[in-house]
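These notes concern the structure reproduced below.
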Amino acid sequence: MGSRNSQTGCDLTTDELVQLVRAENTDYYQEIVNRYQRDVLRIVSFTLYDRSQTEDLVQQVFVNAFLHLADFELGRDFGAWLRTIARNAVREHLRHNARYERRLKVYAELVSQRWEDDERAVELEESMQQALHECMRRLPHKAARAIRLRYQERLDYSTMAARMNTTAGALRNLVLRVRVQLRECIERGMARQGDS
357 MGSRNSQTGC DLTTDELVQL VRAENTDYYQ EIVNRYQRDV LRIVSFTLYD
407 RSQTEDLVQQ VFVNAFLHLA DFELGRDFGA WLRTIARNAV REHLRHNARY
457 ERRLKVYAEL VSQRWEDDER AVELEESMQQ ALHECMRRLP HKAARAIRLR
507 YQERLDYSTM AARMNTTAGA LRNLVLRVRV QLRECIERGM ARQGDS
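Everything in the sequence shown is counted per my numbering, starting at 357 for the first residue and increasing by one.
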């Protein structure tokens, strides 16, 4: 973190804070977060009703803003710039969830159709478990550990984050990506078994 000068962050304009953060005085970014967190929270919570997702997305908005702080044009309305980032993050989140829900529905229908035949259901369950085990074995250690902590030990993301020395948001994203990878891997494994 950068060193502070004699002024506190509260005494500075947002443009001055942005300039300080750009000059690697990153501890001033907390004052920016404090000033605009309520605005960002209002935008995100208006659309998302899940508190955990809302908190994660608000945090992600501020991370995105920090990463793109060099793009902010001094003299412009920082709040408007940040609200645009928040709206874009919400849109992307909703788009991603809609795609995921559609895929999950198609996958559930596929599994349901395959399980209609009771005799085949037990065999299919065993094949899926075998395919899952094989796919889990191929995962990188961190990804496999995250899946085990979440689904075998049934830990929440905060507890997982403490154990894995990362953030809950990063783990949530990792678990979502790995679930998609596992589903695709299982489908490929099941297709190979069906061909033989």
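All C-beta atoms in this analysis are idealised placements derived from N, C-alpha and C, irrespective of residue type, glycine included. Treat the numbers as computed from the prediction; the structure is a model and nothing was measured.
Among the options, the one whose alpha carbon lies nearest that of residue i
i, options, result
"arginine 519", "Arg533, Ala502 and Leu532", "Ala502"
"phenylalanine 422", "Ile388, Arg493 and Val462", "Ile388"
"glutamine 485", "Gln469, Arg539 and Pro496", "Arg539"
Residue i and residue j closer than 8 Å at C-beta
i, j, result
"aspartate 412", "alanine 524", "yes"
"valine 414", "leucine 425", "no"
"valine 462", "isoleucine 399", "no"
"tyrosine 513", "leucine 438", "no"
Helix, strand or coil at residue i according to DSSP, with G and I counted as helix
i, result
"asparagine 381", "coil"
"serine 362", "Residue placement at serine 362 is flagged as unreliable, the pLDDT there being 44, under the threshold of 50; the coordinate-derived value follows with that caveat. Serine 362 falls in the coil class under three-state DSSP."
"aspartate 427", "helix"
"leucine 368", "coil"
"aspartate 395", "helix"
"asparagine 453", "helix"
"phenylalanine 434", "helix"
"threonine 403", "helix"
Start-to-end residues for the alpha helix (DSSP H) that takes in residue i
i, result
"leucine 558", "With the chain covering only 357 through 552, there is no way to say anything about residue 558."
"aspartate 412", "407-423"
"arginine 501", "497-503"
Beta carbon proximity, residue i to chain B, threshold 8 Å
i, result
"leucine 404", "Here chain B cannot be found, since the structure has a single protein chain."
Task: Inter-stretch contact (C-beta, 8 Å, three-pair minimum) for the stretch 526-537 and the stretch 502-511 - done: yes
Segment contact, 8 Å Cβ cut-off, at least three pairs: the stretch 449-464 with the stretch 507-518: no
* Asked: Can you find at least 3 beta carbon pairs, one from the stretch 477-486 and one from the stretch 422-438, that sit closer than 8 Å?
  -> no
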